[in-house]
Ligand code: GCV
């Protein structure tokens with residue numbers, strides 16, 4: 001089929017119009033921005049405008065359309081596409097896209113075709129005078145699609161198309177994402193709006209966004225998507241629901257994304273009305289078989305089941321004294337004839353641990369529950385193991401289970417949605433953290449066994465395995481709320497395809513694709529992102545202390561003491577003398593013995609345990625000297641100050657990009673980075689104050705608890721404002737704030753600062769319920785005003801003034817002199833009493 005000239009014109013015009021449109025982030029890294037630099041355009045001068053796709057499957061159509069759209073848009077000339085062997089052009093001047101089977105059919109004289117692993121492709125170009133041959137030769141249509149996206153990525157990043165063909169293969173067969181979407185449309189730990197798949201108990205009628213999501217996933221080489229929460233709705237497997245899921249699978253299919261479902265092991269009872277869900281009961285076995293067959297009649301390429309059982313209140317085989325292997329194998333046998341797999345989660349633990357018991361340890365649970373079952377699983381069961389033994393904390397060692405399962409396929413579970421790492425309100429580029437886990441060499445059996453090679457199946461010769469990440473995109477136009485957070489999804493896909501890719505390579509390409517190739521833009525964003533994990537760790541919790549967030553709440557802001565003294569087992573066991581979980585074999589929980597010998601020895605000894613995991617492995621006095629020759633407590637104070645100081649530079653660094661990128665995303669990111677800079681101070685002060693009180697050891701630099709630049713709201717002269725205690729106490733300066741009890745309130749103070757230029761920051765609390773209005777007046781003249789209408793987590797209504805809702809407004813360059821009168825005037829919003837913590841005045 002050849003496109004008419006008119007249609008080509010329309011396509012080109014549409015492409016140009018698209019480039020001028022405001023950038024709302026929906027296109028993510030697939031923007032295909034027009035290339036205007038003639039030198040760069042010249043690189044692709046010989047790229048033929050005809051795309052010949054040899055096959056005719058939906059996935060090959062997706063590849064062809066994508067190439068046509070992307071190349072037309074970027075290169076500013078119309079590309080045409082044909083499908084099927086019947087359309088082969090006589091001229092060799094074309095971009096040829098085909099799989100080995102089609103090529104074999106195409107050649108009359110049999111050629112020697114390359115050998116390619118499933119999903120792989122070969123990409124290259126050859127210029128012969130005016131004739132150019134560019135080819136994507138793939139093992140199968142999936143490979144063609146990945147090759148097409150690779151070619152587009154090279155052009156978008158202004159890189160040359162290789163003249164010596166390169167072959168690319170995925171690291172492992174499982175490259176999935178999990179969404180924790182509930183059928184009612186909410187998303188567990190989702191920070192970017194409601195579900196793109198479900199609403200009010202049903203699959204959404206319009207699945208355009210689901211299909212756009214599948215396109216994004218395919219573009220980074222991913223191939224599976226679990227659409228519903230691992231805390232699975234008990235009705236998931238009802239026949240009517242399955243028919244709806246089939247529509248969803250259809251929307252994903254052209255992009256090579258297989259759909260899977262999270263299932264609850266009590267389904268035979270709840271959905272099937274059996275008297276039991278004992279996995280070994282013959283009626284239960286038969287039920288799973290029949291149910292699985294029913295699914296495959298509706299969804300022939302169904303990818304499999306994900307199972308969360310005996311964990312955080314979910315039903316499981318333990319109820320019948322059966323093992324995870326006995327349960328997983330029943331599902332696996334039902335799936336095997338259809339080539340489906342079971343991803344059984346290793347996240348099985350008791351959340352009612354006795355915190356008085358110094359030997360109790362949640363970190364032990366994965367190994368304790370699964371290691372002895374190694375070798376007893378069906379070959380199509382894959383154990384899905386969270387990268388650390390606890391739960392996606394900012395710093396954890398890798399799970400020792402990876403080394404223990406040597407006869408069982410495994411997949412590493414990562415988390416793109418930033419549950420414990422700032423919920424997409426903080427920039428935290430997680431790829432360096434994931435690489436730290438993937439590169440950790442467990443030295444199983446005394447030889448090199450990095451985690452990446454274990455999950456790829458290389459270390460222990462497993463036929464399958466791979467990668468899963470919990471992503472939780474939502475209805476926010478830009479998928480993850482922050483344009484910068486998309487780097488994590490992109491990076492996850494790139495690592496799942498090739499875990500040897502470096503963080504630098506990944507971020508560099510992502511930035512170019514997302515924000516353009518302007519060197520200032522590329523270097524600024526790369527630098528910001530690459531250091532962000534370290535910075536976040538510094539101002540939240542360093543030294544491997546674990547989470548200091550509100551553990552029984554929403555896991556966002558600081559809530560230091562909440563991790564202690566409850567059954568969840570995320571303890572850091574601080575007391576007036578010391579801090580840290582003793583996981584040693586000698587005196588602690590014995591967790592360290594779960595690692596292979598060499599690594600266990602490194603962690604067991606204080607002399608060799610790395611500082612950044614010290615408090616994960618050991619309980620030490622606050623005065624313990626680190627390898628960096630500083631006490632634990634002083635390092636904790638210093639790192640919190642250093643991290644907050646780095647975050648304070650983010651808005652200024654970003655400002656340099658004004659005019660270099662579109663205003664819409666510039667403003668969005670600026671607002672987020674400004675918020676982060678303020679919230680980093682909330683974190684810094686909460687953690688430092690808490691530990692200063694607990695340890696009773698002052699900060700050698702005299703900063704903690706001393707804030708000469710602050711005017712506490714409760715010390716100002718109020719009209720209508722009243723003081724209120726804040727809990728946890730460390731989340732407000734001095735433990736107190738003020739709230740407005742009238743329609744309009746003021747706080748006033750007489751300034752004593754020497755004459756000069758100052759930055760004024762107002763620390764206040766922004767609740768989701770309302771939008772209070774604030775004004776700052778100097779000697780009765782307005783100098784600033786703002787509205788407290790941020791959409792901070794929690795998405796649920798929470799009326800608390802605490803570490804989640806504390807935020808700040810900053811206004812720079814205000815000229816002050818002694819005796820000036822500063823007034824804050826506020827109008828409360830609905831259920832939001834215009835709360836204020838303090839005002840800071842700094843040079
Ligand atoms: C889906 C953590 C999260 C839970 C999540 C659980 C899991 O505990 O806080 O929201 O539940 O992990 O991974 O199953």
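Residue numbers (full-length UniProt numbering): 1 to 843.
Even glycine gets a Cβ: it sits at the ideal position worked out from N, Cα and C.
Quick caveat: nothing in here was measured; it's all calculated off a predicted structure.
{"query": "When burial is assigned at 16 or more other CB atoms within 10 Å of the CB, is residue 425 buried or exposed?", "result": "buried"}
{"query": "For residue 21, does the count of other Cβ atoms within 10 angstroms reach 16, so buried, or fall short, so exposed?", "result": "Only weak support is given to the placement of residue 21: the predicted model assigns it a pLDDT of 47, under 50, and the question is left unresolved by the model."}
{"query": "DSSP three-state label for residue 223, please.", "result": "coil"}
{"query": "Might you give, ordered along the chain, the residues of its own chain that have their beta carbon closer than 8 Å to the beta carbon of residue 576, omitting 5 neighbours on each side?", "result": "694, 695 and 696"}
{"query": "Pick helix, strand or coil for residue 386, following the three-state DSSP scheme.", "result": "strand"}
{"query": "Under three-state DSSP, which class holds residue 832?", "result": "strand"}
{"query": "Is the separation between the beta-carbon of residue 411 and that of residue 393 shorter than 7 Å?", "result": "no"}
{"query": "Assuming residue 263 contacts residue 242 (C-beta within less than 8 Å), just tell me the rounded distance between them.", "result": "Actually they are not in contact, since the Cβ atoms of residue 263 and residue 242 sit about 11 Å apart, beyond 8 Å."}
{"query": "If you draw a straight line from the alpha carbon of residue 465 to that of residue 448, how long is it in whole angstroms?", "result": "18 Å"}
{"query": "What residue does the alpha helix (DSSP H) around residue 845 start on, and which one ends it?", "result": "Shown here, the chain extends from 1 to 843; a query on residue 845 therefore has no answer."}
{"query": "If the criterion is Cβ atoms closer than 7 Å, does the pair residue 143 and residue 120 meet it?", "result": "yes"}
{"query": "What alpha helix (DSSP H) runs, 4 residues minimum, are completely inside the region 242–299?", "result": "267–270 and 282–298"}
{"query": "Going along the chain, which residues of its own chain have a beta-carbon closer than 6 Å to the beta-carbon of residue 16, five neighbours each way excluded?", "result": "Any reading at residue 16 must be qualified, since the residue scores a pLDDT of 41, below 50, and its modelled position is unreliable; the value itself is stated next. There are no such residues."}
{"query": "Report the option in 206, 732 and 473 whose CA atom is closest to the CA atom of residue 417.", "result": "473"}
{"query": "Could you spell out the range, first to last residue, of the beta strand (DSSP E) harbouring residue 122?", "result": "121–128"}
{"query": "Select from 282, 286, 195 and 284 the residue whose C-alpha is nearest the C-alpha of residue 248.", "result": "195"}
{"query": "By Cβ distance, which residues of its chain are closer than 7 Å to residue 647, with the 5 residues on each side in sequence left out?", "result": "535, 539, 676, 677 and 680"}
{"query": "What number of angstroms, rounded off, separates the C-alpha of residue 486 from the C-alpha of residue 789?", "result": "24 Å"}
{"query": "Entirely within the region 156–220 and at least 4 residues each: give me those alpha helix (DSSP H) ranges in chain order.", "result": "208–219"}
{"query": "Measure the CB-CB distance between residue 770 and residue 831 and report whether it falls below 7 Å.", "result": "yes"}
{"query": "Do three or more CB pairs link the region 99–106 to the region 40–60 at distances below 8 Å?", "result": "yes"}
{"query": "Run through DSSP, which three-state label would residue 849 get?", "result": "Since the displayed the chain opens at 1 and closes at 843, residue 849 lies outside it and no answer follows."}
{"query": "Name the two residues that bound the continuous alpha helix (DSSP H) containing residue 232.", "result": "Neither: residue 232 is in no alpha helix (DSSP H) and is coded neither H nor E."}
{"query": "Tell me, please, whether the region 430–446 touches the region 544–551 by the rule of three or more beta-carbon pairs shorter than 8 Å.", "result": "no"}
{"query": "I believe residue 739 touches residue 722 by the beta-carbon criterion, under 8 Å. Please report the beta-carbon distance rounded to the nearest angstrom.", "result": "6 Å"}
{"query": "Determine which residues share a DSSP beta bridge with residue 60 and list them.", "result": "According to DSSP, which records beta bridges pairwise, residue 60 is partnered with nothing at all."}
{"query": "Mapping DSSP to helix, strand and coil, what is residue 9?", "result": "Here the model assigns residue 9 a pLDDT of 45, short of 50, so the residue's position is not dependable, and the following value carries that caveat. Residue 9 falls in the helix class under three-state DSSP."}
{"query": "Using three-state DSSP, classify residue 824 as helix, strand or coil.", "result": "strand"}
{"query": "For residue 340 versus residue 304, is the C-beta distance shorter than 7 Å?", "result": "yes"}
{"query": "Below 7 Å between beta carbons: does that hold for residue 747 and residue 824?", "result": "yes"}
{"query": "How would you call residue 562, buried or exposed, if buried means at least 16 neighbouring beta carbons within 10 angstroms?", "result": "buried"}
{"query": "Could you name the residues of the same chain whose beta carbon sits closer than 6 Å to that of residue 594, not counting the 5 residues immediately before and after it, in chain order?", "result": "367 and 400"}
{"query": "Less than 6 Å between the CB of residue 180 and some heavy atom of the ligand GCV, yes or no?", "result": "yes"}
{"query": "I need the straight-line Cα distance from residue 422 to residue 489, nearest angstrom please.", "result": "15 Å"}
{"query": "Report whether the distance from the Cβ of residue 264 to the nearest heavy atom of the ligand GCV is below 6 Å.", "result": "no"}
{"query": "On the three-state DSSP scale, how would you describe residue 591?", "result": "helix"}
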